[in-house]
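The opening residue of the sequence shown carries number 2 in the working numbering; numbering runs sequentially from there.
Glycine included, C-beta positions come from ideal geometry on N, C-alpha and C.
Note that this is a predicted model, so its numbers are computed, not measured.
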Amino acid sequence: MEKTDILSLAKEELEEKIVAIGEKKFRAKQIYEWLHTYKVEEFSKMTNLSAQLREKLDDIFWINSLKIQKRLVSNIDNTVKYLYGLSDGEKVETVVMEYKHGNSICISTQVGCKMQCKFCASTKAGFVRNLLPSEMLQQIYTSERDSGRRINHVVLMGIGEPLDNYDNVVKFLRILSEKEDMSLRHVSVSTCGLVNRIYELADLKLGITLSVSLHAPTNKLRSSVMPVNDRYPIEELMKACRYYFDTTGRRISYEFALIDGVNDNRESADALIKLLRGQNCHVNLIPVNEIKEGIFRRSESVEKFKQMLIDGGLNATVRRTLGADISAACGQLRRDNN
Ligand code: SAH
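Right, dumping it as structure tokens:
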């Protein structure tokens, strides 16, 4: 019999399994605490359980864990970037960033990505597999343990398209919401715009922030850098975003990576203002990270572009660049170490 990945189980699911093997329900609570509060990775360390039960657990379940393959620490701002090895030898990246209000972690949701955005390093070598809920959780737990920092913000903006791994991501969010020290109000999910899933996610009313990678204000321009736009054009994406706000009351954060000579001119700013005017939303401007395989250069007009948006009535900020000395564009560490 194949063992069950115990760290991917929500509280209720674990309870059902524990009762099904003839144990009392409160045992599940104890085990859950060992896994998600004390974060032990071996059943033998669950010392308030009998040796017999610990052995039984070992026969039925396994505890997924990650290996630190690489750790890069920024000398500028303490940002830590991890390359984690998964149980099957695949690798993903995770970044821990320090802000005034606490520590934020950027986690991966897939090994590779199918979406083929032209400026993104994570998608260049294609898609390998979805991450399990346990592998998303362990990026947080392992990074907390190794860095000694308590993490209070989680963003799903690493390698992969979260909404293309919808079921596992939702399960991960549910497990996270069961933790006393974490509120889903402090969690952001970033998507390239899988419209059908945005509707589903809205209906769950999880309280998370949705970040939408827009990057271009017209279909022609967006399709030229993000092939997903052919499947879900801007009008449909905007409809879904409005639905998300109306249903959840959480305003959308639009990501806009500024690329020199592509989307950083007056015309782009005007089109973006026209597109978003009247929406309760926020625009997050990112100077594009230049990737090795890329043809795109970082825009020189980031501040000017921001001002144009503000003058046009939009809410816009420029994302702070962290870990400039260690980062390389997201996805590059994994590519360089395969
Ligand atoms: N697939 C999801 C989340 C992962 S990418 C998404 O598309 O939103 C996280 C963010 O980084 C997205 O906004 C993505 O478009 C952006 N991004 C990818 N490559 C980039 C690069 N080279 N420079 C700046 N931003 C980039």
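The Cβ neighbour count for N290, taken over all protein chains shown within 10 Å, is at least 16; the residue is labelled buried.
Excluding its 5 nearest sequence neighbours in each direction, T248 has C-beta neighbours in its own chain below 6 angstroms: A203, listed in chain order. Residue pairing by DSSP places D204 opposite no residue, since no beta bridge is assigned to it. Residue environment for R223: buried (at least 16 other C-beta atoms within 10 angstroms of its C-beta). In the three-state DSSP reduction, C121 falls in the coil class, being neither helix nor strand. Using a cutoff of 7 angstroms, the CB of F120 counts as near the ligand SAH, since one of the ligand's heavy atoms is closer than that. With a threshold of 16 other beta carbon atoms within 10 Å, K307 meets it and is buried. In the three-state reduction of the DSSP assignment, K82 falls in the strand class, which pools E and B.
Between the ligand SAH and H216, a heavy atom-to-CB distance of less than 7 angstroms is present. With contacts defined as CB atoms closer than 8 angstroms, I106 and I152 qualify as a contacting pair.
Residue pairing by DSSP places P288 opposite L259 in a beta bridge. Distances between the C-beta of N290 and the heavy atoms of the ligand SAH include at least one below 7 angstroms. No residue range can be given for Q280, since it is assigned to no beta strand (DSSP E) and is classified by DSSP as neither H nor E.
For F44, there is no enclosing alpha helix (DSSP H), as DSSP marks it with neither H nor E.
With 16 or more other Cβ atoms inside 10 Å of its own Cβ, Y83 counts as buried. Between the alpha carbons of G113 and D165 lies a distance of about 12 angstroms. Taking I176 as the centre and dropping the five residues before and after it, the same chain places the C-beta of A11, P134 and L138 closer than 7 angstroms to its C-beta, in chain order.
In the same chain as S302, and ignoring 5 residues on each side of it, the C-beta atoms closer than 6 angstroms to its own belong to D265, in chain order. Straight through space, the alpha carbons of I292 and R72 are spaced by roughly 20 angstroms.
Taking 7 angstroms as the cut-off, the C-beta of C114 counts as close to a heavy atom of the ligand SAH.
Look at the stretch 84 to 163 and you find these whole runs of alpha helix (DSSP H), each 4 residues long or longer: 134 to 148. Boundaries of the alpha helix (DSSP H) around T249: I235 to T249. Proximity of the stretch 55 to 75 to the stretch 115 to 129 falls short of the contact definition, fewer than three beta-carbon pairs being nearer than 8 angstroms.
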